[in-house]
Amino acid sequence: MSSTLPTPSTRLRLALIGAGTRSQTIYQPLWESLKPWCVPVAVCDPVAENGQKMAAALGVPCYADIRKLVKDRPMEAALVVTPVPSHHSISAFLSSNGIPNHTETGWASMVCQAKEMIAVAKKNNVIVRVAENFFRFPIDRFAQTVRDSGYLGRIGRIVSYADHTGYHNDSRWIAFAQCHPEWVQCVEHTMTHPAFYSMPQRRHEKETLNARFFHFPNDILVMDVGSGHVKGHLGRHPRPGYTEFQGERGTLVHRAPGVNWGNEQTELRFVSDAKLAPAQEAANNLWGGGYADVVTPVAHDSTGDVWTGMHADTPTGRIEYVSPLMTHVKCGKVNQRDWYGLAVMDHVIDFVLAVRGLRDSEFTAEDALMSEMMEIGAHESARQEGRRVKLPLEGDIESDALTREAQRKQFGCDPLDVEAMLSVSFPRP
Numbered sequence: 000m001s002s003t004l005p006t007p008s009t010r011l012r013l014a015l016i017g018a019g020t021r022s023q024t025i026y027q028p029l030w031e032s033l034k035p036w037c038v039p040v041a042v043c044d045p046v047a048e049n050g051q052k053m054a055a056a057l058g059v060p061c062y063a064d065i066r067k068l069v070k071d072r073p074m075e076a077a078l079v080v081t082p083v084p085s086h087h088s089i090s091a092f093l094s095s096n097g098i099p100n101h102t103e104t105g106w107a108s109m110v111c112q113a114k115e116m117i118a119v120a121k122k123n124n125v126i127v128r129v130a131e132n133f134f135r136f137p138i139d140r141f142a143q144t145v146r147d148s149g150y151l152g153r154i155g156r157i158v159s160y161a162d163h164t165g166y167h168n169d170s171r172w173i174a175f176a177q178c179h180p181e182w183v184q185c186v187e188h189t190m191t192h193p194a195f196y197s198m199p200q201r202r203h204e205k206e207t208l209n210a211r212f213f214h215f216p217n218d219i220l221v222m223d224v225g226s227g228h229v230k231g232h233l234g235r236h237p238r239p240g241y242t243e244f245q246g247e248r249g250t251l252v253h254r255a256p257g258v259n260w261g262n263e264q265t266e267l268r269f270v271s272d273a274k275l276a277p278a279q280e281a282a283n284n285l286w287g288g289g290y291a292d293v294v295t296p297v298a299h300d301s302t303g304d305v306w307t308g309m310h311a312d313t314p315t316g317r318i319e320y321v322s323p324l325m326t327h328v329k330c331g332k333v334n335q336r337d338w339y340g341l342a343v344m345d346h347v348i349d350f351v352l353a354v355r356g357l358r359d360s361e362f363t364a365e366d367a368l369m370s371e372m373m374e375i376g377a378h379e380s381a382r383q384e385g386r387r388v389k390l391p392l393e394g395d396i397e398s399d400a401l402t403r404e405a406q407r408k409q410f411g412c413d414p415l416d417v418e419a420m421l422s423v424s425f426p427r428p
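Numbered per numbering that gives the first Met the number 0, the sequence shown spans residues 0 to 428.
1) Using alpha carbons as the reference points, say which of T242, M420, A130, D147 lies closest to L341.
2) Which residues in the same chain as H179 place their Cβ atom closer than 6 angstroms to its Cβ, once the five residues preceding and following it in sequence are excluded?
3) When DSSP labels each residue in this structure, what does I16 get in the three-state scheme?
4) Taking the C-alpha atoms as reference points, what is the distance between H87 and T20?
5) How many Å lie between F212 and V388 at the Cα?
6) Can you tell me which of T104, N100, S94 puts its alpha carbon nearest to the alpha carbon of V119?
7) Helix, strand or coil for E75, going by three-state DSSP, please let me know.
8) Can you give me the C-alpha to C-alpha distance between M0 and W36, rounded to a whole angstrom?
9) Inspect the beta-carbon positions of M344 and L324 and report whether they are closer than 7 angstroms.
10) What does the alpha-carbon distance come out to for the pair H188 and N209?
11) Where does the unbroken beta strand (DSSP E) through G246 begin, and where does it stop?
12) For C412, which residues does DSSP report across the bridge?
13) To which residues does DSSP link E266 through a beta bridge?
14) For F213, does the three-state DSSP call read helix, strand or coil?
15) Which residue spans inside the stretch 142 to 230 form an unbroken beta strand (DSSP E) run of at least 3?
16) Within 10 Å of its beta-carbon, does W338 have 16 or more other beta-carbons around it, so buried, or fewer, so exposed?
17) So, using beta-carbon positions, are I318 and Y166 closer together than 7 angstroms?
18) Assign S380 to one of three DSSP states: helix, strand, or coil.
19) Alpha carbons only, please: which of H203, Q245, F244 is nearest the one belonging to K230?
20) Please tell me whether T242 and D139 are closer than 7 angstroms, where the distance is taken between their beta carbons.
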């Protein structure tokens, strides 16, 4: 990401579609900070209480019907913060009416839906993007910086346990590898447990562990293992779990040191020349080589409640990521963390700059589609007892067919029928 951010001559007028919990707790605190780039001009939500509350807070009109919103068209583009099954119909409808749209993760329920979202956008010459913030988190920004610094040599493997296995991590690996994977292999195991609620809309009564392997054409291998219980449920390792970025000369280690979700510890482990064969042979001491004898803590930087970057003072110099957004943040902590709001702002600004033609997107629609394919491909592999599945996925996909039939029964209509799905309400607290 560039260290400087262009600003448009005129702010992008956005309609906020979906005014539930995420819009209220994550996006609402950010609008003041986003003023140089965009401004909300309308809210649309069929749940009157949510829509009217958000519209009143922003001082903008409220719509209960997306068709009426598009007919009036107070906006230039839309930010879609609704449940995943609604994403395809909303995005396709907006694109067919020439409205660029930026949609929350996961991008779609099926690969065929994601492909159609891109096709409709291209046909109508509009920008569509996914609102992916995970590869914009501090550890990923710092890992990308370490990769580019060469400090650890070439980083050829990532081993991740109990972080956020799924669409978010798929996007992280694409962003780090800077290319799309060639194949995926996955094994799954499901076990039941006593039911509990992590949120009013999230009832848990079983846990599925996924062990996934992705290989990229630049010979980066990712091992991504985790379940849905990433916040320490049932005493599991809490997020951010344990992740190693494994290089030729050492490892960047990122982990949760305790039992509570949200705590983290990061360090660079480096093998000095003294622990490599030439020095050992010269000293006639062939014992104890290969150990990381230079361990450097990685520190977060902040001003007040605003995260500004991350750095490590190694013996050969400072490795540092400085957020280009640090002077623009006016909201302090979001989602209990001083860096979370910056990651969300980052993807909104990326979308704005793409729509305005000021910068190429850091994560494209094709990247969003590949994250979807990685996710569905992993399910396909697991269903076939861990068989290696080639990426990108081609032809008819059985997982798509199963999801389509399940949603047809759930919603009473074909989930690929845009008009029918626009009439389905997805109320959440």
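Backbone N, C-alpha and C fix where the C-beta goes; we use that ideal spot for every residue, glycine too.
From a predicted model like this one, the values you see are computed outputs, not experimental measurements.
Straight from the coordinates:
1) A130
2) M369
3) strand
4) 20 angstroms
5) 10 angstroms
6) S94
7) coil
8) Because the pLDDT at M0 is just 47, under 50, the model does not fix this residue reliably, and the value given afterwards should be weighed accordingly. In a straight line, the C-alpha of M0 is about 17 angstroms away from that of W36.
9) yes
10) 7 angstroms
11) 241 to 246
12) According to DSSP, C412 bridges with nothing at all.
13) V252, P296
14) strand
15) 154 to 160, 182 to 198, 201 to 214, 220 to 225
16) buried
17) no
18) helix
19) H203
20) no
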